[in-house]
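Residue numbering for the sequence shown follows the working numbering, beginning at 28 and increasing consecutively. All residues carry an ideal CB built from backbone N, CA and C; glycine is no exception.
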Amino acid sequence: MLMEEIIRIQKMVKSKIVATIGPATSSVEKLKELAQAGVDVFRLNFSHASKEGTEMQELFECIRQNTPEIAILCDIQGPKIRIGKMAEPVILKYSEKFYLYEEDRIGDQNGASISYKGFYNDVNEGDSIFINDGLVRLQVKTKDPKKRKIECVVVAGGPISSKKGVNIPSGNLSTQNPTEKDIHDLKLIAKLNPEYLAASFIANAKEVKKIRAILNNAGASRIKIISKIERPIAITNFDEILEVSNGIMVARGDLGVEIPAEEVPIRQKEMILKCNRAGKPVIVATQMLESMINNPVPTRAEVNDVFNAVYDRSDAVMLSGETSIGKFPIKAVRYMDRIIAKAEEHIPDIDPRSTDSDEPDMYEAVGHAVYELARVFRNVNFRGKIIMFTRGGKSPRKAAKYRPEFPIYAITHNPRTARQLNLVWGVQSVFIPTLKMEDWDSEEIMQYGIQKLVEWGILEMKEHVICTVPSRISPGKCSVIGLYYVEDILNKIKLKPSHYSPEWN
Numbered sequence: 028m029l030m031e032e033i034i035r036i037q038k039m040v041k042s043k044i045v046a047t048i049g050p051a052t053s054s055v056e057k058l059k060e061l062a063q064a065g066v067d068v069f070r071l072n073f074s075h076a077s078k079e080g081t082e083m084q085e086l087f088e089c090i091r092q093n094t095p096e097i098a099i100l101c102d103i104q105g106p107k108i109r110i111g112k113m114a115e116p117v118i119l120k121y122s123e124k125f126y127l128y129e130e131d132r133i134g135d136q137n138g139a140s141i142s143y144k145g146f147y148n149d150v151n152e153g154d155s156i157f158i159n160d161g162l163v164r165l166q167v168k169t170k171d172p173k174k175r176k177i178e179c180v181v182v183a184g185g186p187i188s189s190k191k192g193v194n195i196p197s198g199n200l201s202t203q204n205p206t207e208k209d210i211h212d213l214k215l216i217a218k219l220n221p222e223y224l225a226a227s228f229i230a231n232a233k234e235v236k237k238i239r240a241i242l243n244n245a246g247a248s249r250i251k252i253i254s255k256i257e258r259p260i261a262i263t264n265f266d267e268i269l270e271v272s273n274g275i276m277v278a279r280g281d282l283g284v285e286i287p288a289e290e291v292p293i294r295q296k297e298m299i300l301k302c303n304r305a306g307k308p309v310i311v312a313t314q315m316l317e318s319m320i321n322n323p324v325p326t327r328a329e330v331n332d333v334f335n336a337v338y339d340r341s342d343a344v345m346l347s348g349e350t351s352i353g354k355f356p357i358k359a360v361r362y363m364d365r366i367i368a369k370a371e372e373h374i375p376d377i378d379p380r381s382t383d384s385d386e387p388d389m390y391e392a393v394g395h396a397v398y399e400l401a402r403v404f405r406n407v408n409f410r411g412k413i414i415m416f417t418r419g420g421k422s423p424r425k426a427a428k429y430r431p432e433f434p435i436y437a438i439t440h441n442p443r444t445a446r447q448l449n450l451v452w453g454v455q456s457v458f459i460p461t462l463k464m465e466d467w468d469s470e471e472i473m474q475y476g477i478q479k480l481v482e483w484g485i486l487e488m489k490e491h492v493i494c495t496v497p498s499r500i501s502p503g504k505c506s507v508i509g510l511y512y513v514e515d516i517l518n519k520i521k522l523k524p525s526h527y528s529p530e531w532n
């Protein structure tokens, strides 16, 4: 595999693209096309995984083998409530009666079962029940304690079918998170060891910690947890959730059903701002280019949606059905890439004081220093690049939170770090397996890495770089930070050029 294919140095946009993999894109050919079109992270949705998870394991291994530079995010279902199996899709009409049952049964025009066995106890007369992302709306009329069935009246008709989602806006649910299915899936995910895990329907920090404990006990402590915000309680507890999470997904599908739709935009902006301040990646998801499931071009409203998410400084935007089951998955990615590029042309400079955290650490100090160097030298026509050598990726993440004008190249000998940084705004990972960061001193690391970047066409001899190198003696500390002229660095090199031969796995 060519080096250019691995780090994709031609990728010009700074915001990242997450694409959900499904029947439309699970082939080797489509996976490679998605990567070439600009996808940074592949999402695997475990909501539809079998108990054995064989198909997910095969897909995971296919991605690792054929697109090893792409990060993988495994998404667990959480306490999602769904309609049970239906004999066939039905259309519910206004004012009709429709019954919901706790017992398993085949659904029809008159009623259906519910996947959550505590549903009967959690709903009350007068409650609203939304099905199929709110397209169908029921109101609870009466409850039959003997048969444990719920009589509802249809207040907004529409289609329902097997496994459609169910929401109760009142939020009076006693579901457990993680569920038994989640715990089973987490054990498989721990063995697969992806870069990220998306945890659904998180309500508080305690639930995130439970999931973290399961992963840690399974030997998968390095998987980073992205908490999905989908319910009003998660908005209330957002600060504590953010503190214990590695990132956030603004999952607007269920969120837009459980809170008034007109509130979603402002909540989205608030969450993006808090994630930026914390230096943690935030993904905006759901229905971004929804019409492209069936159409070759997006609507104007969808273009506006993606543009504004990028303009508000989200780290990544996500495609769901557009790439998992859509007719035009590659076109959807290319359109998203174009919209991102245009939005990034107009994003105003950030005031670093608005992004500084209340409790800065050494990594944030390095990130802020890099930003200030870039800002000062921009005024004297500096047009170089930011080169950050890293073991675990913390310093590049902190530098990215300040949104510097110049591209950040994160140089690492760790393939996992390289892939995890795929989700971070403005960071391009360069994986150099022959870089001996544990054995060499700072000057050797910098010289070797800069030489490689020149060989591969990322840097030019007559170019300045802002460079940081971590300390070998004191992990977590930075021993080198400054502005350098590439030619000056290379004039001191005694190392022989070597062919790039990555070993991702």
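Do you know how far the Cα of residue j is from the Cα of residue i?
{"i": "Tyr362", "j": "Lys237", "result": "38 angstroms"}
{"i": "Asn151", "j": "Leu346", "result": "36 angstroms"}
{"i": "Gly145", "j": "Ala396", "result": "53 angstroms"}
{"i": "Ala343", "j": "Leu448", "result": "12 angstroms"}
{"i": "Val117", "j": "Gly111", "result": "13 angstroms"}
{"i": "Lys173", "j": "Glu317", "result": "43 angstroms"}
{"i": "Lys523", "j": "Ile508", "result": "At Lys523 the pLDDT is 41, less than 50, meaning the model places this residue with poor confidence; the figure from the coordinates comes in the next sentence. Roughly 25 angstroms separates the two Cα atoms."}
{"i": "Thr439", "j": "Val330", "result": "35 angstroms"}
{"i": "Lys59", "j": "Phe69", "result": "11 angstroms"}
{"i": "Ala98", "j": "Met488", "result": "31 angstroms"}
{"i": "Gln295", "j": "Asp468", "result": "44 angstroms"}
{"i": "Phe125", "j": "Asp154", "result": "14 angstroms"}
{"i": "Phe416", "j": "Ser248", "result": "23 angstroms"}
{"i": "Tyr429", "j": "Ser422", "result": "12 angstroms"}
{"i": "Asp466", "j": "Lys519", "result": "19 angstroms"}
{"i": "Val513", "j": "Leu200", "result": "60 angstroms"}
{"i": "Gln63", "j": "Ala139", "result": "44 angstroms"}
{"i": "Pro375", "j": "Val40", "result": "16 angstroms"}
{"i": "Gly497", "j": "Pro95", "result": "Position check: residue 497 holds Pro in this sequence, whereas Gly was assumed. So the alpha carbons of these two residues sit roughly 26 angstroms apart."}
{"i": "Val193", "j": "Gly283", "result": "13 angstroms"}
Taking residue i as part of the beta strand (DSSP E), name the residues at either end of that continuous run.
{"i": "His491", "result": "His491 to Pro497"}
{"i": "Ser422", "result": "No beta strand (DSSP E) contains Ser422, which is instead part of the alpha helix (DSSP H) from Lys421 to Ala427."}
{"i": "Asp339", "result": "Here Asp339 belongs to no beta strand (DSSP E), and DSSP marks it neither H nor E."}
{"i": "Val284", "result": "From DSSP, Val284 is part of no beta strand (DSSP E) but of the alpha helix (DSSP H) over Arg279 to Glu285."}
{"i": "Ile299", "result": "From DSSP, Ile299 is part of no beta strand (DSSP E) but of the alpha helix (DSSP H) over Val291 to Ala305."}
{"i": "Ser456", "result": "Val454 to Phe458"}
{"i": "Ile377", "result": "No beta strand (DSSP E) holds Ile377; DSSP gives it neither H nor E."}
Can you tell me where the alpha helix (DSSP H) holding residue i begins and where it ends?
{"i": "Pro106", "result": "Element bounds for Pro106: n/a, residue is neither H nor E."}
{"i": "Asn244", "result": "Ala232 to Asn244"}
{"i": "Ala368", "result": "Pro356 to Glu371"}
{"i": "Thr81", "result": "Thr81 to Asn93"}
{"i": "Gly394", "result": "Met389 to Arg405"}
{"i": "Ser469", "result": "Ser469 to Glu482"}
{"i": "Val513", "result": "Val513 to Leu517"}
{"i": "Gly185", "result": "Counting along the chain, Gly185 falls outside any alpha helix (DSSP H), though it belongs to the beta strand (DSSP E) covering Gly185 to Ile187."}
{"i": "Lys147", "result": "Per the sequence presented here, residue 147 reads as Tyr, with Lys not at that position. Tyr147 -> alpha helix (DSSP H) spans Phe146 to Asp149."}
{"i": "Val40", "result": "Counting along the chain, Val40 falls outside any alpha helix (DSSP H), and DSSP gives it neither H nor E."}
{"i": "Ala217", "result": "Glu207 to Leu219"}
{"i": "Gly348", "result": "Gly348 to Ser351"}
{"i": "Gln447", "result": "Pro442 to Gln447"}
{"i": "Asp266", "result": "Phe265 to Val271"}
For residue i, count neighbouring C-beta atoms within 10 Å of its own C-beta (all shown protein chains included) and say buried if the count is 16 or more, exposed if not.
{"i": "Tyr128", "result": "buried"}
{"i": "Pro50", "result": "exposed"}
{"i": "Ile133", "result": "exposed"}
{"i": "Ile293", "result": "exposed"}
{"i": "Tyr121", "result": "exposed"}
{"i": "Ser341", "result": "buried"}
{"i": "Met473", "result": "buried"}
{"i": "Thr81", "result": "exposed"}
{"i": "Asn321", "result": "exposed"}
{"i": "Ala336", "result": "buried"}
Return the Cβ separation of residue i and residue j in integer angstroms, given the expectation that the two are a contact with Cβ distance under 8 angstroms.
{"i": "Ala230", "j": "Ile195", "result": "Wrong, their Cβ atoms sit about 14 angstroms apart, outside the cutoff."}
{"i": "Ile476", "j": "Ala426", "result": "One point to set straight first is that residue 476 is Gly, not Ile, in the sequence displayed. Not a contact, Cβ separation roughly 16 angstroms."}
{"i": "Gly353", "j": "Gln314", "result": "12 angstroms between Cβ atoms; not a contact."}
{"i": "Ile493", "j": "Leu510", "result": "6 angstroms"}
{"i": "Ser7", "j": "Glu207", "result": "Since the displayed the chain opens at 28 and closes at 532, residue 7 lies outside it and no answer follows."}
{"i": "Leu100", "j": "Ile253", "result": "7 angstroms"}
{"i": "Gly419", "j": "Thr444", "result": "6 angstroms"}
{"i": "Leu61", "j": "Ile357", "result": "7 angstroms"}
{"i": "Glu372", "j": "Ala401", "result": "Incorrect: roughly 18 angstroms between the Cβ atoms, too far for contact."}
{"i": "Asp212", "j": "Ala76", "result": "6 angstroms"}
Contact between the region 264 to 280 and the region 293 to 312 is defined here as three or more beta-carbon pairs at a separation below 8 angstroms; is this criterion met? Counting Cβ pairs under 8 angstroms, three or more are found: they touch.
Counting pairs of beta carbons, one from the region 364 to 371 and one from the region 39 to 46, are three or more of them closer than 8 angstroms?
Yes: at least three Cβ pairs fall under 8 angstroms.
Segment contact flag, the region 176 to 191 with the region 90 to 105, C-beta cutoff 8 angstroms, min 3 pairs:
The region 176 to 191 vs the region 90 to 105: no contact.
Query raised in the report: Hey, is the region 450 to 465 in contact with the region 317 to 328, meaning 3+ C-beta pairs nearer than 8 angstroms?
Result: The region 450 to 465 vs the region 317 to 328: no contact.
* Would you call the region 80 to 99 and the region 217 to 228 touching, i.e. three or more CB-CB distances under 8 angstroms? -> Contact between the region 80 to 99 and the region 217 to 228 is present, because at least three Cβ pairs lie under 8 angstroms.
Contact the region 133 to 142 vs the region 233 to 250: 3+ CB pairs below 8 angstroms = The answer is no - the region 233 to 250 does not touch the region 133 to 142, with fewer than three Cβ pairs under 8 angstroms.
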